[in-house]
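*Asks:*
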Amino acid sequence: MDFSGTTIFIGGGSKGLGYELAALLLKAHAARIVIFARDQKQLNIARTSLEKLAQKDQLIETRSADLSDPKEIHDAFRAFPEPNYLFCVVGGATIELGYLIDKDPEHIRSCMNKNYFTAIFMAQAMLRIWVDGQKGSKGGSNGKPRSRHLVFTCSVAAFVGVPGYIAYTPTKCAVRGVADTLRQEVLRYNTAAVNYRIHCAFPGNFVTPSFIEEQKHKPELTKRIEGTDKAVHELVEKTPSPTEVANRILSGVARDEYALWHDFESSLLLGNMLGPTPKRGFGIVDSLLMVLAWLVWPFVRRQHDNLCQKDSIAS
1 MDFSGTTIFI
11 GGGSKGLGYE
21 LAALLLKAHA
31 ARIVIFARDQ
41 KQLNIARTSL
51 EKLAQKDQLI
61 ETRSADLSDP
71 KEIHDAFRAF
81 PEPNYLFCVV
91 GGATIELGYL
101 IDKDPEHIRS
111 CMNKNYFTAI
121 FMAQAMLRIW
131 VDGQKGSKGG
141 SNGKPRSRHL
151 VFTCSVAAFV
161 GVPGYIAYTP
171 TKCAVRGVAD
181 TLRQEVLRYN
191 TAAVNYRIHC
201 AFPGNFVTPS
211 FIEEQKHKPE
221 LTKRIEGTDK
231 AVHELVEKTP
241 SPTEVANRIL
251 SGVARDEYAL
261 WHDFESSLLL
271 GNMLGPTPKR
281 GFGIVDSLLM
291 VLAWLVWPFV
301 RRQHDNLCQK
311 DSIAS
């Protein structure tokens with residue numbers, strides 16, 4: 001991977017996956033990384049840590065902003081030079097996990113704010129900056145169009161409904177819908193000087209402090225279905241690290257892939273719900289996975305149904 005000389009915006013880069021993306025981008029020779037998040041204290045911690053990884057000619061900057069607020073995003077983004085890449089990494093769910101009947105309406109709103117509104121409002125603000133800035137602009141020094149990349153962080157939750165994720169799953173389905181739609185919409189803005197590229201990552205579970213906190217709020221049924229009904233030390237051993245996930249995301253972006261995922265299970269779930277999403281490469285592998293998913297999923301679905309029935313409140 002080589003991101004030499006690029007300017008990178010990371011929304012939600014103060015910890016977890018966003019921080020790991022920043023660290024790997026420094027190793028890939030990015031020139032300037034700007035991290036946006038709400039918590040200034042955590043931003044300061046992240047900046048200090050990243051500066052230890054940076055070379056003398058690499059710049060780390062931060063800006064505190066509510067990334068669900070369009071006005072704050074607008075002001076924050078326009079305070080810095082135009083980037084080559086925007087990574088939308090804000091999101092997650094902790095106290096929002098649980099069954100619909102038990103959730104406060106505010107939990108559903110907060111989940112939509114954290115996962116959907118942050119993604120679509122950051123994308124909107126960034127595209128406005130890019131499209132406004134391309135007027136009268138020229139291509140790259142090599143005579144080719146300059147590329148602008150918008151990377152969404154979705155989830156395998158967009159492909160499968162698991163009880164307990166009722167507030168979270170619809171938000172990730174919405175983010176996938178934005179990415180699928182925007183992939184074509186940005187073609188309207190391509191010129192001889194600038195090309196726009198959309199990418200969407202679909203990670204499963206990976207180990208972060210937030211993931212450990214989630215385990216405290218997940219119903220036992222949710223854990224059984226997704227296979228996280230284990231002790232924390234076992235989960236840490238068997239679940240991918242954020243560094244692994246970040247590395248696969250950046251590798252996919254570097255290969256100019258649209259849909260990005262990090263394991264066979266994610267590939268199979270995507271194959272089962274591919275729809276209009278572009279296949280990788282020539283599409284042969286993903287087409288085979290679609291057939292495999294078509295054969296396997298009825299059995300998986302029945303297994304999940306049985307687990308739900310055994311968890312009946314009537315028993």
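So for the sequence shown, full-length UniProt numbering puts the first residue at 1; every next one is plus one. The beta carbon of each residue, even a glycine, is placed where N, CA and C say it ideally should be.
(1) Per DSSP, what kind of secondary structure is CYS88 in: helix, strand or coil?
(2) Since I believe ILE33 is in contact with LEU25 (beta carbons under 8 Å), could you give me their beta-carbon distance rounded to a whole number of angstroms?
(3) In angstroms, rounded to a whole number, what distance separates the CA positions of ALA76 and GLU61?
(4) Short of 7 Å in beta carbon distance, which residues of its chain neighbour TYR116, apart from the five on each side in sequence? Order them along the chain.
(5) Work out the CA separation of SER241 and LYS15 for me, nearest whole Å.
(6) Taking all protein chains shown into account, decide if GLY5 is buried (16 or more other Cβ within 10 angstroms of its Cβ) or exposed.
(7) Are VAL194 and VAL236 closer than 7 Å when you measure CB to CB?
(8) Would you list the residues sitting across from ASN195 in a DSSP beta bridge?
(9) Please report the residue range of the beta strand (DSSP E) in which SER312 lies.
(10) What distance in whole Å lies between the Cβ atoms of LEU100 and LEU221, which are believed to be in contact at a cut-off of 8 Å?
(11) Run through DSSP, which three-state label would residue 316 get?
(12) Compare the C-alpha of ASP102 against each of GLY227, LYS71 and GLY164 and name the closest.
(13) Residues bridged to TYR189 by DSSP?
(14) Cα-Cα, which of HIS217, GLY227 and VAL160 is closest to PRO298?
(15) Considering only DSSP beta bridges, list what PHE152 is partnered with.
(16) Excluding five sequence neighbours on each side, which residues of the same chain lie with their C-beta closer than 6 Å to the C-beta of HIS304?
(17) Look up PHE36 in the DSSP assignment and say whether it is helix, strand or coil.
(18) Between which two residues does the beta strand (DSSP E) carrying LYS118 extend?
(19) SER49 CB to nearest chain B CB: under 7 Å?
(20) With DSSP run on the structure shown, which of helix, strand or coil describes TYR99?
(21) On the criterion of 16 or more Cβ atoms from any shown chain inside 10 Å, does LYS52 qualify as buried, or is it exposed?
(22) Out of HIS217, ARG148, PHE9 and GLY204, point me to the one whose CA is closest to LEU187's CA.
(23) Would you report the Cα separation of SER49 and TYR19, rounded to the nearest angstrom?
(24) Return the CA-CA distance between GLY11 and ALA37, expressed in angstroms with no decimal places.
(25) Among the candidates ARG302, TYR196 and VAL151, whose CA atom is the shortest distance from the CA of VAL88?
(26) Let me make sure I understand the geometry here. Which of TYR196, THR94, ALA157 and ASN247 has the alpha-carbon closest to that of LYS216?
*Replies:* Result, derived from the coordinates:
(1) strand
(2) Indeed, because the Cβ distance is near 6 Å, the residues count as touching under 8 Å.
(3) 12 Å
(4) THR171, ALA174 and VAL175
(5) 13 Å
(6) exposed
(7) no
(8) SER147
(9) Where SER312 is concerned, there is no enclosing beta strand (DSSP E), given that its DSSP letter is neither H nor E.
(10) Not really, about 13 Å apart at Cβ, beyond 8 Å.
(11) The question about residue 316 has no answer, for the chain in this structure spans 1 to 315.
(12) It is GLY164.
(13) BP columns for TYR189 are empty, so no partner.
(14) Answer by Cα proximity: VAL160.
(15) CYS88 and CYS200
(16) ILE225
(17) strand
(18) The amino acid at residue 118 is misidentified as Lys; the sequence shows Thr. Per DSSP, THR118 belongs to no beta strand (DSSP E); it is in the alpha helix (DSSP H), 118-133.
(19) Looking at the structure shown, chain B is missing, and only one protein chain is on hand.
(20) coil
(21) exposed
(22) ARG148
(23) Cα to Cα, the separation comes out at about 10 Å.
(24) 6 Å
(25) For clarity, residue 88 is Cys in the given sequence; the question names Val instead. Closest by alpha carbon: VAL151.
(26) THR94
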